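Down below is the structure, laid out as structure tokens.
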Amino acid sequence: IISIVRLTGIKYIYGEDFWRMQLLNSIDAEVHSSELTDSYDKFVIPRTWLSRPSWYCINGEVLYYTKDGKADKIIESELKSKNGKILYNGAEGKIWLGPVIWSKPKWCN
Numbered sequence: 001i002i003s004i005v006r007l008t009g010i011k012y013i014y015g016e017d018f019w020r021m022q023l024l025n026s027i028d029a030e031v032h033s034s035e036l037t038d039s040y041d042k043f044v045i046p047r048t049w050l051s052r053p054s055w056y057c058i059n060g061e062v063l064y065y066t067k068d069g070k071a072d073k074i075i076e077s078e079l080k081s082k083n084g085k086i087l088y089n090g091a092e093g094k095i096w097l098g099p100v101i102w103s104k105p106k107w108c109n
């Protein structure tokens, strides 16, 4: 993950599971990871519990770390429909490059 962050220059990475995502923040100061959770089994929304709200106010491309959770499946479906690219696919999960797929929260304005 660190090598992909350095290669792409993109430090923001999102995915399901608070513990999976927050662990990445302790690996390297350049990584800013936050959790996305499913909403009504249709889309993902920011989960701001112990995450920095400003990290959900991003424009442009970001990274996603997915495995096999419910929100991960929604994330992957959204990325496929928006031409997201898989940068890594292994036993530990997938790393995707793609656009922001959630609606920006009101606090971003």
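Quick note: the sequence shown uses full-length UniProt numbering, first residue 1, plus one each step.
Even for Gly, the Cβ is constructed at its ideal location relative to N, Cα and C.
These numbers come from a predicted model, not from an experiment.
Could you tell me the alpha carbon to alpha carbon distance between residue i and residue j, rounded to whole angstroms?
i	j	result
glycine 77	arginine 47	It should be noted that the sequence gives serine, not glycine, for residue 77. Their backbone Cα atoms lie some 19 Å apart in a straight line.
glycine 69	arginine 20	12 Å
glutamine 22	serine 51	8 Å
leucine 24	histidine 32	8 Å
serine 54	glutamate 30	15 Å
isoleucine 86	tryptophan 107	30 Å
phenylalanine 18	glycine 90	20 Å
tyrosine 64	tryptophan 96	5 Å
tryptophan 49	glutamate 35	9 Å
aspartate 41	threonine 66	16 Å
tryptophan 102	isoleucine 10	18 Å
isoleucine 75	phenylalanine 43	8 Å
Evaluate residue i with the Cβ neighbour count: other Cβ atoms within 10 Å of its Cβ, from every protein chain shown; 16 or more gives buried, anything less gives exposed.
i	result
glutamate 92	exposed
glycine 60	exposed
leucine 7	exposed
serine 104	One point to set straight first is that residue 104 is lysine, not serine, in the sequence displayed. Exposed, by the Cβ-count rule.
aspartate 28	exposed
isoleucine 2	exposed
Excluding five sequence neighbours on each side, which residues of the same chain lie with their C-beta closer than 8 Å to the C-beta of residue i?
i	result
isoleucine 58	Tyr12, Val100
By Cβ distance, which residues of its chain are closer than 6 Å to residue i, with the 5 residues on each side in sequence left out?
i	result
leucine 79	Trp96, Gly98
aspartate 72	Glu16, Thr66
Have a look at the DSSP bridge pairing and note the partners of residue i.
i	result
lysine 94	Thr66, Asn89
Residues in the same chain with beta-carbon distance under 7 Å from residue i, minus the five sequence neighbours each way, listed in chain order, please.
i	result
lysine 94	Thr66, Ile86, Tyr88
serine 39	Ile45
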